[in-house]
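Student: The structure is given below, and queries will be raised subsequently.
Residue numbers (UniProt numbering): 1 to 322.
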């Protein structure tokens with residue numbers, strides 16, 4: 001360390017030396033460093049003076065490293081290479097700490113989060129989101145995620161959770177489908193409709209209709225999908241009626257992509273939480289969590305204002321899928 005300190009300002013000449021040794025030319029080194037040839041020559045002379053040895057000799061083809069020059073070139077290359085790797089590792093570590101991983105359903109990502117993602121990026125340009133996608137029922141291990149949307153009962157004692165949304169369910173469809181087929185309010189309405197269903201699920205159409213005393217038979221076979229995003233997409237293009245978990249379809253309801261297809265609404269009494277394994281959470285995770293909660297609260301308030309029926313749902317003590 002004392003030797004390096006004794007270099008003084010000549011430490012800067014190691015950078016110049018690396019370029020000259022690589023290019024074998026004062027002129028090319030000066031062009032790369034955007035300085036004059038005289039400045040490069042002075043730096044090399046200063047370095048040779050500090051070391052007490054000659055580093056280059058001239059030949060017809062350019063500069064040639066002496067034995068001492070070759071020794072220094074090897075050391076400089078190894079040292080600079082280590083510095084570059086260290087800088088790269090630091091940048092990657094910073095990027096990892098600013099990436100927040102979310103475990104969410106495919107439908108929630110596609111129809112709730114992505115429409116407002118630009119607003120998120122504007123608010124938090126330093127945070128990137130990574131997704132662990134669940135296509136059907138929200139369940140499963142969330143250990144690899146910073147935040148996971150799960151029913152309250154799935155949270156372990158070692159995890160912390162924040163209330164995100166109650167479970168409220170309403171039939172939904174496109175506005176054009178509702179206009180041509182009418183609502184599902186009575187058993188006599190069922191033959192007019194195609195029911196779109198998530199399979200497997202914990203609350204299906206039979207569960208819902210029994211709860212609201214609409215007992216009857218819909219014509220033909222229902223449309224069934226294992227991915228809830230496809231369920232909602234099929235409803236949006238006017239192919240039938242789907243059960244809509246309001247937390248997942250709130251944006252679609254606000255924008256008119258979907259509309260309530262019934263005056264019947266049920267709530268399970270169940271809550272969904274944002275769950276985290278971290279105690280305490282990283283600042284970036286806290287920021288994302290607070291933003292998600294605020295956005296959902298605003299959505300539910302607006303949907304309840306637009307559709308008063310959603311403000312007074314009927315109780316249903318049963319488990320379900322957002």
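Every residue, glycine too, gets a C-beta built ideally from N, C-alpha and C.
On a predicted model such as this, the values are computed, not experimentally measured, just so you know.
(1) Can you check DSSP and say which residues form a bridge with residue 273?
(2) Verify whether the separation of the beta carbon atoms of residue 239 and residue 194 is less than 8 Å.
(3) DSSP three-state label for residue 56, please.
(4) Which whole-angstrom value describes the C-beta separation of residue 170 and residue 260, a residue pair presumed to lie in contact below a C-beta threshold of 8 Å?
(5) Contact between the region 299–308 and the region 238–253: three or more CB pairs below 8 Å?
(6) Along the beta strand (DSSP E) that carries residue 245, what are the first and last residues, could you check?
(7) Using the C-alpha atoms, what's the distance from residue 215 back to residue 158?
(8) Return the chain-ordered ranges of every alpha helix (DSSP H) run that is complete within the region 177–222 and spans a minimum of 4 residues.
(9) Does the Cβ of residue 245 have 16 or more other Cβ atoms within 10 Å, making it buried, or fewer, making it exposed?
(10) How is residue 51 classed by DSSP in three states: helix, strand or coil?
(11) Using DSSP's beta-bridge definition, name the partner residues of residue 100.
(12) Return the bridge partner residues of residue 169 from the DSSP annotation.
(13) So, with DSSP's three-state summary, where would you put residue 136?
(14) Is it buried or exposed for residue 146, if we count other Cβ within 10 angstroms and need 16 for buried?
(15) How should residue 151 be labelled, buried or exposed, when 16 other C-beta atoms within 10 angstroms of its C-beta is the threshold for buried?
(16) What does a CB cutoff of less than 7 Å around residue 27 pick up in its chain, not counting 5 residues either side in sequence?
(17) Taking contact to mean 3 or more Cβ pairs, one atom from each stretch, closer than 8 Å, check whether the region 285–298 and the region 176–184 are in contact.
(18) Compare the Cα-Cα distances from residue 331 to each of 279, 65, 59 and report the closest residue.
(19) Buried or exposed: where does residue 1 fall if 16 or more other Cβ atoms within 10 Å of its Cβ makes it buried?
(20) Just grab the DSSP bridge partners of residue 40 for me.
(21) Quick check: what's the CA-CA separation for residue 233 versus residue 241?
(22) Run through the DSSP bridge pairs and tell me what residue 105 is partnered with.
(23) My assumption, with CB atoms under 8 Å, is that residue 139 sits in contact with residue 121. Please give the rounded CB distance.
(24) For residue 55 and residue 25, what's the separation of their Cα atoms in angstroms?
(25) Judging by CA-CA distance, which residue of 204, 21, 211, 278 is the nearest neighbour of residue 76?
(26) Please report how far the alpha carbon of residue 306 lies from the alpha carbon of residue 276, in whole angstroms.
(27) By Cβ distance, which residues of its chain are closer than 6 Å to residue 319, with the 5 residues on each side in sequence left out?
(28) Can you name the start and end residues of the alpha helix (DSSP H) that residue 300 belongs to?
(29) Excluding the five sequence neighbours on either side, which residues of its own chain have a C-beta within less than 6 Å of the C-beta of residue 63, listed in chain order?
(30) By Cβ distance below 8 Å, which residues in the same chain neighbour residue 18 in space, the five residues on each side in sequence not counted?
(31) Throw me the rounded Cβ distance for the residue 163 and residue 247 pair, which I believe falls under 8 Å.
Tutor: On the basis of the data shown:
(1) Per DSSP, 150, 163.
(2) Yes, the pair counts as a contact, with Cβ atoms nearer than the cut-off.
(3) The answer is strand: DSSP assigns residue 56 an E or B state.
(4) With 8 Å as the limit, residue 170 and residue 260 qualify as a contact, their Cβ atoms being about 5 Å apart.
(5) Flag = yes, the region 299–308 and the region 238–253 touch.
(6) Per DSSP, the unbroken beta strand (DSSP E) holding residue 245 starts and ends at 241–245.
(7) Using only the alpha carbons, I get a separation of about 44 Å.
(8) Qualifying alpha helix (DSSP H) stretches, in chain order: 205–211.
(9) The C-beta of residue 245 has 16 or more other C-beta atoms within 10 Å across all chains shown, which makes the residue buried.
(10) Assignment of residue 51 by DSSP, reduced to helix, strand and coil, places it in the helix class.
(11) Its beta-bridge partners are 129.
(12) Partner(s): 245, 266.
(13) If DSSP states are grouped into helix, strand and coil, residue 136 belongs with coil.
(14) Buried, since its Cβ has 16 or more Cβ neighbours within 10 Å.
(15) By the 10 Å Cβ count, residue 151 comes out buried.
(16) So the qualifying residues of the chain are 37.
(17) No, the region 285–298 is not in contact with the region 176–184.
(18) There is simply no residue 331 to check, as the chain begins at 1 and stops at 322 in what is shown.
(19) With a pLDDT of 46 at residue 1, under the threshold of 50, the modelled position of that residue is not reliable, and the figure given next carries that caveat. The residue in question, residue 1, is exposed, as its Cβ has fewer than 16 Cβ neighbours within 10 Å.
(20) None; residue 40 has no bridge partner.
(21) Going by the C-alpha atoms only, they are around 11 Å apart.
(22) DSSP output for residue 105 lists 134 as bridge partner(s).
(23) With 8 Å as the limit, residue 139 and residue 121 do not qualify as a contact, their Cβ atoms being about 29 Å apart.
(24) Distance between the alpha carbons of residue 55 and residue 25: 13 Å.
(25) Between residue 76 and the set 204, 21, 211, 278, the nearest pair of CA atoms involves 21.
(26) Taking the CA atoms as reference points, residue 306 sits about 33 Å from residue 276.
(27) Summary for residue 319: the model assigns pLDDT 36, below 50, so the residue's position carries little reliability; its value from the coordinates is reported in the next sentence. These residues qualify, in order along the chain: 202.
(28) Note, residue 300: alpha helix (DSSP H), 283–306.
(29) Here the set comprises 24, 56.
(30) Cβ neighbours of residue 18 within its own chain (closer than 8 Å, five residues either side excluded): 73, 76, 77, 80.
(31) About 12 Å; that fails the 8 Å criterion.
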